[in-house]
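Chemist:
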Amino acid sequence: MSKEAYMQSVIDMMETYQQAFAEETILLVMDLEKVVGFSPTPSIKVKIPVGTPRSALANSVSDQALSSGKVCYEERGPEAFGIAYVATATPLRYNGELIGVLSSVTVNEKFEMIRNSSESLAASVEEMTATSNHLASGFSSIHGEMDQLSAKSASILQDITAIQSIIEVVQELADTSNLLGLNASIEAAHAGQYGRGFAVVADEIRKMANQSKDASKTIRTQLNEMQSRLNEINSYVETVKQDMAHHAESVRELDSAFEHIAVTANELMDRFGAGKRS
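If you count the sequence shown from 1, position 184 lands on 184 in UniProt numbering, and the numbers rise without skipping.
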């Protein structure tokens, strides 16, 4: 087969080659000087007539492949022709000699859609990550405030315990005073009319002792109620702290999931050429 026959066979197979692409694809065949074959597609509004000189396609992938003798690749967004596309130029050789290039321009709408979705996903994940970090910070702050509340409650409980100890002393003094008052009343009765004044004082002492005892009981009851409520508060605080810890762990897991999604989105952008768009 001659060089010319080989080139013609490539031109004759262009429509067959087009069917091998999953997306609509333009095929272009050039020799070293001009376009010698062109097979269009409806979606890409590009017409390159046979005979178009190489100079008219300067800096295209076809021109680059002819200059370098290597496969050249280019991806562009919809700016040029209203549709995203991928262009690939493959050198044609005959017995090792570079004689031309076969170029394809493939519609890239699905890739473009995936890339745009990936970029949008990455941006959304970034916002969600910031929100989850804010939540985690809030949980940490609330947990610290709960710790302070627990410490203050524990301090109050210690004060209540100290007051209860004092009340016990007061009750003991009241019991002792009451007993002394009773003994004084007995002695006053034995003294007859000489002990009447002393009997009045003894009665007052007993009254004061009983009043002190009653007041101590009332205070003790109130303190016991306060202690019970503080214990309930402490129990509630501990429950809230545990819930906050669970929520914080969930946020950390969510943040980890966001990070994984972000990595996947970035991989998709890299895979579909986010950095190759011109």
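The beta carbon of each residue, even a glycine, is placed where N, CA and C say it ideally should be.
Computed from a prediction, not measured in an experiment: that's the story for all the values here.
#1: Mapping the DSSP letters down to three states, classify Lys45 as helix, strand or coil.
#2: Sort Glu145, Ser62, Leu98, Ala174 by Cα distance to Glu238 and report the nearest one.
#3: Mapping the DSSP letters down to three states, classify Glu259 as helix, strand or coil.
#4: When you compare each of Glu97, Ala22, Gln18, Gln222 to Asp31 by their alpha carbons, which one comes out closest?
#5: In the DSSP assignment, find the unbroken alpha helix (DSSP H) run with Ile11 in it and report its ends.
#6: Among all the DSSP beta bridges, which residues are the ones paired with Met30?
#7: Look at the alpha carbon of Asp159 and the alpha carbon of Val170, and state the distance between them as a whole number of angstroms.
#8: When we look at the beta-carbon of Ala58 and count the other beta-carbons within 10 Å, is it buried (16 or more) or exposed?
#9: Would you call Asn95 buried or exposed, if buried means 16 or more other Cβ atoms sit within 10 Å of its Cβ?
#10: If I measure Cβ to Cβ from Cys72 and keep anything under 6 Å in the same chain, skipping five residues before and after, which residues do I get?
#11: I think Ile261 touches Leu135, with their Cβ atoms under 8 Å apart; what is that distance to the nearest whole Å?
#12: Alpha carbon to alpha carbon, what distance is there between Arg220 and Ser150?
Modeler: In brief:
#1: On the sequence shown, position 45 is the one that residue 45 refers to. In this structure, Lys45 counts as coil in the three-state DSSP scheme.
#2: For the purposes of this step, residue 238 is identified with residue 238 of the sequence shown, where counting begins at 1. Here the closest residue by C-alpha is Glu145.
#3: Position 259 of the sequence shown, counted from the start, is the residue given in the question as residue 259. Correct three-state label for Glu259: helix.
#4: For this step, residue 31 is matched to residue 31 along the sequence shown. Closest option to Asp31, Cα to Cα, is Glu97.
#5: Within the sequence shown, the letter at position 11 stands for residue 11. Counting along the chain, the alpha helix (DSSP H) containing Ile11 begins and ends at 3-12.
#6: Taking the first residue of the sequence shown as position 1, residue 30 is located at position 30. DSSP output for Met30 lists Val35, Val101 as bridge partner(s).
#7: As a first step, residue 159 must be located in the sequence shown, where it is residue number 159. As a first step, residue 170 must be located in the sequence shown, where it is residue number 170. Their Cα atoms are separated by approximately 16 Å.
#8: Taking the first residue of the sequence shown as position 1, residue 58 is located at position 58. It is exposed - the Cβ of Ala58 has fewer than 16 other Cβ atoms within 10 Å.
#9: For the purposes of this step, residue 95 is identified with residue 95 of the sequence shown, where counting begins at 1. Asn95 is exposed by the Cβ-count criterion.
#10: Position 72 of the sequence shown, counted from the first residue, corresponds to residue 72. Excluding residues within five positions, the ones whose Cβ falls inside 6 Å are Val61, Gln64, Ala65, Ala89.
#11: In the sequence shown, the residue the question calls residue 261 occupies position 261. In the sequence shown, the residue the question calls residue 135 occupies position 135. Between Leu135 and Ile261 the Cβ distance is about 17 Å, and since that is not below 8 Å, they are no contact.
#12: Taking the first residue of the sequence shown as 1, we reach residue 150 at position 150. Taking the first residue of the sequence shown as 1, we reach residue 220 at position 220. The straight-line gap from Cα to Cα measures roughly 23 Å.
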